[in-house]
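Everything in the sequence shown is counted per the numbering used here, starting at 126 for the first residue and increasing by one. Yeah, the Cβ is synthetic: ideal placement off N, Cα and C, and Gly gets one too. Below is one structure, written out as structure tokens; the observations come after it.
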Amino acid sequence: GRARLSSSEPQARHGRSEEEEVEEEEGCYQLYPGHIPTSPLQKALLAAGSACMALHDPYRHDMVAVLGETTGCLALPNLRDKMKNHPEGYRILQERPRIRLSTLDMGRLQGLPDGTLGREYVRFLEDNKVSPDTRMPPKFVDDEELAYVIQRYREVHDLMHTLLGMPTNMLGEVVVKWFEAVQTGLPMCVLGAAFGPVRLSTRKLQVLATELVPWAIRSGRNASCILNIYYEQRWEQPVESLREEIGIFPPP
Numbered sequence: 126g127r128a129r130l131s132s133s134e135p136q137a138r139h140g141r142s143e144e145e146e147v148e149e150e151e152g153c154y155q156l157y158p159g160h161i162p163t164s165p166l167q168k169a170l171l172a173a174g175s176a177c178m179a180l181h182d183p184y185r186h187d188m189v190a191v192l193g194e195t196t197g198c199l200a201l202p203n204l205r206d207k208m209k210n211h212p213e214g215y216r217i218l219q220e221r222p223r224i225r226l227s228t229l230d231m232g233r234l235q236g237l238p239d240g241t242l243g244r245e246y247v248r249f250l251e252d253n254k255v256s257p258d259t260r261m262p263p264k265f266v267d268d269e270e271l272a273y274v275i276q277r278y279r280e281v282h283d284l285m286h287t288l289l290g291m292p293t294n295m296l297g298e299v300v301v302k303w304f305e306a307v308q309t310g311l312p313m314c315v316l317g318a319a320f321g322p323v324r325l326s327t328r329k330l331q332v333l334a335t336e337l338v339p340w341a342i343r344s345g346r347n348a349s350c351i352l353n354i355y356y357e358q359r360w361e362q363p364v365e366s367l368r369e370e371i372g373i374f375p376p377p
């Protein structure tokens, strides 16, 4: 192990407090704004509690966010590696673009031709009365780069709805979660895909099982990594063209 300071040595080095010294010794210091360092046990408890709450109320986006962060220890590094090994994904990791109202030129996007990614994305936001600013910032991911990866995943989620042609009702969310589960491997997506259908009617379950889920799984397997697309530079591209480029099959 590392040698500790003796009682004759100063309690703080380079002007840092004793508390900061202890935090560094234990690897529990803040890695990015808003980061909350947690132990493996704390993460397990947070994961269990957030999973129960998310299953009880799938629209508790705060609980869904906590679940994604505390269970993504294997999936997030894999997604980061896929981005690093792809020229467009690597550039996204370097430039760290954000999809927020403050970074979007909504007037320009509204003025794009029907069928383009930008116009259809804005139409999705308006029709479903949602905002990109509702995405929670990461707190419990103990790596600054991986925190950006999960932030990026959250901010392109509405673009997945747009590309898949799915609304934000329970049926649409379940379909998108199946696609994202295959794409990302995030346990949060797997859980949502598996347990989301319990709230659906028999008729919707039949459509889901016979048409939508098989399509979402096939598309997820066939598609390239959804985090490797610089969507902000694709607003003028037709949705159908981008679907084909990524490898998403036309909706049934």
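Buried versus exposed, by CB contacts within 10 Å (16 or more), residue i
{"i": "L289", "result": "buried"}
{"i": "Q358", "result": "exposed"}
{"i": "G243", "result": "buried"}
{"i": "R205", "result": "buried"}
CA-to-CA distance, residue j to residue i, given in whole angstroms
{"i": "E298", "j": "I342", "result": "14 angstroms"}
{"i": "K264", "j": "R277", "result": "14 angstroms"}
{"i": "E365", "j": "F249", "result": "16 angstroms"}
{"i": "D252", "j": "E194", "result": "29 angstroms"}
{"i": "I224", "j": "L166", "result": "33 angstroms"}
{"i": "A169", "j": "C198", "result": "12 angstroms"}
{"i": "Q331", "j": "G236", "result": "38 angstroms"}
{"i": "M295", "j": "A348", "result": "23 angstroms"}
{"i": "P322", "j": "G159", "result": "33 angstroms"}
{"i": "H286", "j": "Y154", "result": "36 angstroms"}
Member of the options whose CA lies at the smallest distance from the CA of residue i
{"i": "D267", "options": "P377, I161, Y355", "result": "I161"}
{"i": "L367", "options": "I354, K207, L337", "result": "I354"}
{"i": "R221", "options": "E280, G310, M291, L311", "result": "E280"}
{"i": "L284", "options": "D187, E305, G232", "result": "E305"}
{"i": "V191", "options": "Q362, R328, R260", "result": "R260"}
{"i": "D230", "options": "H286, D182, P292, W360", "result": "W360"}
{"i": "T309", "options": "I351, S344, T327", "result": "I351"}
Anticipated Cβ contact below 8 angstroms, residue i with residue j, distance rounded
{"i": "T163", "j": "L171", "result": "7 angstroms"}
{"i": "L234", "j": "V247", "result": "5 angstroms"}
Strand pairing of residue i, partner residues [DSSP]
{"i": "P363", "result": "T241"}
Residue i beta carbon near the ligand MN (any heavy atom closer than 7 angstroms)
{"i": "G240", "result": "The ligand MN is not part of this structure, which contains no ligands at all."}
Within-8 angstroms CB hit, residue i to chain D
{"i": "T293", "result": "Annotation note: the requested chain D is absent from the structure, which comprises a single protein chain."}
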